[in-house]
Amino acid sequence: MTDTTNTVAIPVNLLVQGKENVRRTGRTVSIGELSASILAHGLRQNLNVRATEDGRYEVAAGGRRLRALKQLVKARKLPKDHPVPCRVLAEGEDAGEISLVENVCRVAMHPADQFEAFQDLVHGRGFTIEQVAERFGVEPSLVEKRLKLAAVHPKLFAAYRKGDMNLD
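Counting in the working numbering, the sequence shown runs from 220 upward without gaps.
Right, here's the structure in full:
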């Protein structure tokens, strides 16, 4: 098992995109949503980095998160020295494999779960549609659509969740 205790806070301005990050396609997809989430909820998953000779840190895993953080700095929503939780890779750790595992070993949430979670935020916890949209970096109209889908008849919702019908 790999040691995961070497986590430190590194200022965002010392982080650069690493060459060993395996994601080549979709590097900028949904960065606005990710930025909104980081601003509202903080960075919930640390970056994996390797120290460079010039005192910077190359991000081997977490390139989209780095882009979102840099976007927040550029928009002046975070200071350039904002501390970012990073796991510094040990000598001999394969940065490419770490990047690969972050992208392969995850499963996207089923849309039905998202519909219900948005419904809980609005109807259960008292958030406005606009607040939910802002916190997740989406348009209010998307939140409204998700709320409508969450409110369909339970039998239809169960069939969709089970895969017996699609959104169309």
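In this text, a Cβ means the ideal position worked out from N, Cα and C, and glycines have one as well. Bear in mind the structure is a predicted one, so any value in this text is a computation, not a measurement.
Per DSSP, which residues does Asn267 bridge with? Please list them.
For the purposes of this step, residue 267 is identified with residue 48 of the sequence shown, where counting begins at 1. Ala280, Arg306, per the DSSP bridge assignment.
In the structure shown, what three-state DSSP assignment does Gly237 receive?
Sequence index remark: in the sequence shown, residue 237 carries index 18 (1-based). Gly237 falls in the coil class under three-state DSSP.
Which same chain residues, not among the five before or five after Val235, have their C-beta less than 6 angstroms away from its C-beta?
Locating residue 235 in the sequence shown gives position 16, where the first residue counts as 1. So the qualifying residues of the chain are Arg275, Glu277.
Taking the alpha-carbon of Thr244 as reference, which of Gly345, His301, Gly282, Ala336 has the nearest alpha-carbon?
Counting from one through the sequence shown, the residue named residue 244 turns up at place 25. Of the listed residues, the one whose Cα sits closest to Thr244 is Gly282.
Thr347 versus Ile257: straight-line alpha-carbon distance, rounded
As a first step, residue 347 is located in the sequence shown; it is residue number 128 there, counting from the start. As a first step, residue 257 is located in the sequence shown; it is residue number 38 there, counting from the start. Computed Cα separation, rounded: 19 angstroms.
Please classify Leu340: is it buried, with 16 or more other beta-carbons within 10 angstroms of its beta-carbon, or exposed?
As a first step, residue 340 is located in the sequence shown; it is residue number 121 there, counting from the start. The residue in question, Leu340, is buried, as its Cβ has 16 or more Cβ neighbours within 10 Å.
Pull up the DSSP beta-bridge partners for Pro330, would you.
As a position in the sequence shown, residue 330 is number 111, starting the count at 1. Partner(s): none; Pro330 has no beta bridge.
Please state if the CB of Ala228 and the CB of Asp307 are separated by a distance shorter than 8 angstroms.
Numbered from 1 along the sequence shown, position 88 holds the residue referred to as residue 307. Numbered from 1 along the sequence shown, position 9 holds the residue referred to as residue 228. Asp is not the amino acid found at residue 307; the sequence shown has Val there. No, these two residues do not count as a Cβ contact at 8 angstroms.
Report the option in Pro298, Glu335, Ala378, Gly356 whose CA atom is closest to the CA atom of Asn232.
Indexing the sequence shown from 1 puts residue 232 at position 13. Asn232 has its Cα closest to that of Pro298, out of Pro298, Glu335, Ala378, Gly356.
Assuming the contact rule is C-beta atoms closer than 8 angstroms, Arg286 and Arg246 should be a hit. Round their C-beta distance to whole Å, please.
The residue labelled residue 286 in the question sits at position 67 within the sequence shown. The residue labelled residue 246 in the question sits at position 27 within the sequence shown. A Cβ-Cβ distance of about 7 angstroms is found for the pair Arg286 and Arg246, placing them in contact under the 8 angstroms criterion.
Taking the alpha-carbon of Ala309 as reference, which of Ala279, Arg380, His329 has the nearest alpha-carbon?
What you label residue 309 is simply residue 90 of the sequence shown in a count that begins at 1. The shortest C-alpha separation from Ala309 is found at Ala279.
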